Amino acid sequence: MKICVVGLGNIGFNLFTFLCEKFPGEVSGVDVNRKRVQELRRQGYEVTDNYGDLVGIDVWLMAPSTGSQAENLFAALEEMIIHPGCLISVESTLPPGTMSRVRDFLEKKGFQLGTDIFLIHVPHRVMFGVDKTVCDSPRVMGAFTGLCLEKGREFYSPLVPELMEVADIRVAELSKVIENVKRYVDIAFAEEIYSYCVDQALDFEDLRRAVNSKSNVELLGTDWGIGGECLPKDLGFLQSVCASPLLEGAEKADQNYRDKIVRQVGSGKEVLVKGVSYKAGVKDLKYSRASDLIKALEAAGNTVWVEDPLFSSNELHDAGFNTCQTEPNNKNRQLTPNRIILERQKALNLSKTTNTQLDPNEKTFSRRLKKTNFQDKVIDLIQKNLIGTRISGKRSK
17 MKICVVGLGN IGFNLFTFLC EKFPGEVSGV DVNRKRVQEL RRQGYEVTDN
67 YGDLVGIDVW LMAPSTGSQA ENLFAALEEM IIHPGCLISV ESTLPPGTMS
117 RVRDFLEKKG FQLGTDIFLI HVPHRVMFGV DKTVCDSPRV MGAFTGLCLE
167 KGREFYSPLV PELMEVADIR VAELSKVIEN VKRYVDIAFA EEIYSYCVDQ
217 ALDFEDLRRA VNSKSNVELL GTDWGIGGEC LPKDLGFLQS VCASPLLEGA
267 EKADQNYRDK IVRQVGSGKE VLVKGVSYKA GVKDLKYSRA SDLIKALEAA
317 GNTVWVEDPL FSSNELHDAG FNTCQTEPNN KNRQLTPNRI ILERQKALNL
367 SKTTNTQLDP NEKTFSRRLK KTNFQDKVID LIQKNLIGTR ISGKRSK
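Each position in the sequence shown, counted from 1, maps to that position plus 16 in the working numbering.
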């Protein structure tokens with residue numbers, strides 16, 4: 017069996033390496049990013065940027081990044097050499113309605129689904145920093161025909177702990193978007209509650225422990241804002257087909273939260289930002305809200321340094337950040353009232369010290385600010401039951 021993974025970004029490469037272990041010598045990968053391909057070739061992987069090299073593929077697993085029109089997906093389909101009898105599984109998260117467009121595209125090429133070729137949608141599931149592979153979690157699978165489902169079952173059942181089959185492919189398509197948007201809303205809710213706690217001089221972590229003592233409720237933690245590639249993008253996917261004041265409110269809540277961090281710091285400060293990866297514990301700077309925060313702080317007239325245990329000083333410097341090591345006499349420097357420490361999971365609790373050395377155990381203080389109009393709006397939505405108080409504890413990417 018010849019298998020090809022299309023798209024070798026974070027998701028695709030994780031899938032590719034997993035399959036290489038399961039099917040030694042039978043897996044290849046393709047990516048249009050030549051630099052990425054050359055990098056993986058140097059590591060000994062069988063990958064290419066030329067679809068012409070990929071003939072007689074039995075299983076195509078598609079994991080390109082997707083925009084609002086899924087341009088990369090259709091560009092790949094245009095290049096793929098598809099032969100009768102093959103299975104095409106789309107694992108990318110898609111804007112609702114995309115799989116119908118994929119079906120129409122393939123039928124215009126002369127392929128009949130369920131007889132000539134077999135098309136399924138199995139949206140990936142992985143929580144980086146927790147899962148080792150994209151096949152560690154149960155997966156949802158949808159198709160347009162029963163024969164397509166059967167073909168997909170044969171391939172995926174031995175690979176995943178559970179395969180949830182749905183008769184309507186639109187359910188599979190929407191399920192992944194909903195997973196990510198649900199998490200977006202949960203985080204935005206947590207940001208609002210954390211902001212309220214700071215205004216009222218309440219300990220947010222104590223509140224979390226109290227709330228989360230109920231088994232079916234989880235009040236999430238906060239970060240620099242809702243970042244990463246997936247959650248903001250997928251919120252847009254859902255908003256394109258489901259206009260909702262709740263979704264709009266969540267988006268505004270996150271923006272207000274990020275603005276409040278900058279507003280509390282003010283201007284003319286020296287700021288140490290601790291933690292710059294897009295997600296705590298994951299060594300990846302792409303789509304990091306920390307980068308946005310640093311730019312906003314600098315635009316407000318502050319000088320910003322960063323540190324992150326996941327990265328070396330040189331790596332951070334190469335990424336365009338100022339590090340503490342670049343400041344002369346850093347180890348012995350004294351913090352003044354204009355020096356502030358920001359920590360990612362308590363960004364509104366500014367660590368501000370005088371006549372002491374930089375220390376991760378500095379005491380924090382909370383500055384009470386007037387509640388924003390949007391916080392009032394969210395509370396009003398809660399009272400009208402537009403925002404439920406039961407927060408799911410299920411994992412989602």
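Even for Gly, the Cβ is constructed at its ideal location relative to N, Cα and C. Note that this is a predicted model, so its numbers are computed, not measured.
Please classify residue i as buried or exposed, where buried requires at least 16 other C-beta atoms within 10 Å of its C-beta.
| i | result |
| --- | --- |
| Arg58 | exposed |
| Ser211 | buried |
| Ala217 | exposed |
| Ala158 | First, the residue type needs correcting, since residue 158 is Gly and not Ala in the sequence shown. Gly158 is buried by the Cβ-count criterion. |
| Ser173 | exposed |
| Ala183 | exposed |
| Lys148 | exposed |
| Lys125 | exposed |
| Val21 | buried |
| Asp270 | buried |
| Glu264 | exposed |
| Gly168 | buried |
| Arg360 | buried |
| Val257 | exposed |
| Pro139 | buried |
With DSSP as the reference, label residue i as helix, strand or coil.
| i | result |
| --- | --- |
| Leu135 | strand |
| Leu236 | coil |
| Arg119 | helix |
| Thr161 | coil |
| Leu35 | helix |
| Glu94 | helix |
| Leu129 | strand |
| Val320 | strand |
| Ile27 | helix |
| Glu166 | helix |
| Glu181 | strand |
| Lys124 | helix |
| Lys362 | helix |
| Leu70 | coil |
| Phe337 | coil |
| Thr64 | strand |
In terms of alpha-carbon separation, which member of the options lies closest to residue i?
| i | options | result |
| --- | --- | --- |
| Leu288 | Ile356, Ala312, Phe127, Leu35 | Ile356 |
| Val187 | Ser256, Asn354, Ile136, Glu123 | Ile136 |
| Leu482 | Tyr303, Ala204, Ala217, Lys302 | Only positions 17 to 413 of the chain appear in this structure, which leaves residue 482 out of reach. |
| Ala316 | Asp334, His333, Gly284 | Gly284 |
| Gln85 | Ser260, Met115, Val22, Asn354 | Met115 |
| Val142 | Leu358, Gln361, Ile27 | Ile27 |
| Glu166 | Ser328, Leu218, Leu93, Phe134 | Phe134 |
| Ser44 | Asp69, Glu314, Asn338 | Asp69 |
| Thr109 | Phe121, Gly83, Arg224 | Gly83 |
| Asn30 | Gln255, Glu123, Val53, Phe144 | Phe144 |
| Leu179 | Leu56, Pro154, Ile185 | Pro154 |
| Asp423 | Ser231, Arg274, Val71 | In this structure the chain extends from 17 to 413, so residue 423 is not present and cannot be described. |
| Gly72 | Cys36, His99, Val48, Val156 | His99 |
| Leu103 | Trp76, Val118, Pro80 | Trp76 |
| Asp120 | Asn354, Phe90, Asn338, Arg52 | Phe90 |
Can you list, in chain order, the residues of its chain whose CB lies under 7 angstroms from that of residue i, leaving out five sequence neighbours each side?
| i | result |
| --- | --- |
| Asn401 | Low local confidence applies: a pLDDT of 49 at Asn401 is under 50, so the model's placement there is unreliable, and no value is given. |
| Cys151 | Phe34, Leu175, Val176 |
| Ala312 | Val278 |
| Tyr67 | Val46, Glu95, Met96, Ile97 |
| Lys18 | Glu42, Gly72, Ile73, Asp74 |
Starting from residue i and walking both ways along the beta strand (DSSP E), at which residues does that stretch end?
| i | result |
| --- | --- |
| Glu286 | 286-290 |
| Cys213 | No beta strand (DSSP E) holds Cys213; the alpha helix (DSSP H) holding it covers 185-215. |
| Arg355 | 355-359 |
| Met78 | 75-78 |
| Cys20 | 19-22 |
| Leu103 | 103-106 |
| Val43 | 43-46 |
Leaving aside the five residues before and after residue i along the sequence, list all residues of the same chain whose C-beta is less than 6 angstroms from its C-beta, in chain order.
| i | result |
| --- | --- |
| Thr405 | For Thr405, the predicted structure reports a pLDDT of 40, less than 50, and the residue's modelled location is therefore unreliable. A value from the coordinates is still provided. If we look at Thr405 and ignore the five residues flanking it on each side, it has no Cβ neighbours. |
| Val201 | Ala266 |
| Pro344 | Its pLDDT being 45, under 50, Pro344 is placed unreliably in this model, and the coordinates cannot settle the point. |
| Phe253 | Pro111, Val193 |
| Thr64 | Val46 |
| Leu15 | This structure leaves residue 15 out entirely; the chain is present only between 17 and 413. |
| Glu245 | Tyr303 |
| Phe127 | Ile133 |
Using a Cβ-Cβ cutoff of less than 8 angstroms, which residues in the same chain neighbour residue i once the five nearest sequence positions on both sides are dropped?
| i | result |
| --- | --- |
| Gly162 | Gly130 |
| Ser293 | Lys299, Asp300, Leu301, Ser304, Ala306, Asp324, Leu326, Phe327 |
| Ile209 | Phe220, Leu223, Leu235 |
Would you kindly report the start and end of the unbroken alpha helix (DSSP H) that includes residue i?
| i | result |
| --- | --- |
| Ser307 | 305-315 |
| Val281 | 261-281 |
| Leu223 | 220-227 |
| Ser329 | 329-334 |
| Gly244 | Here Gly244 belongs to no alpha helix (DSSP H), and DSSP marks it neither H nor E. |
| Glu55 | 50-58 |
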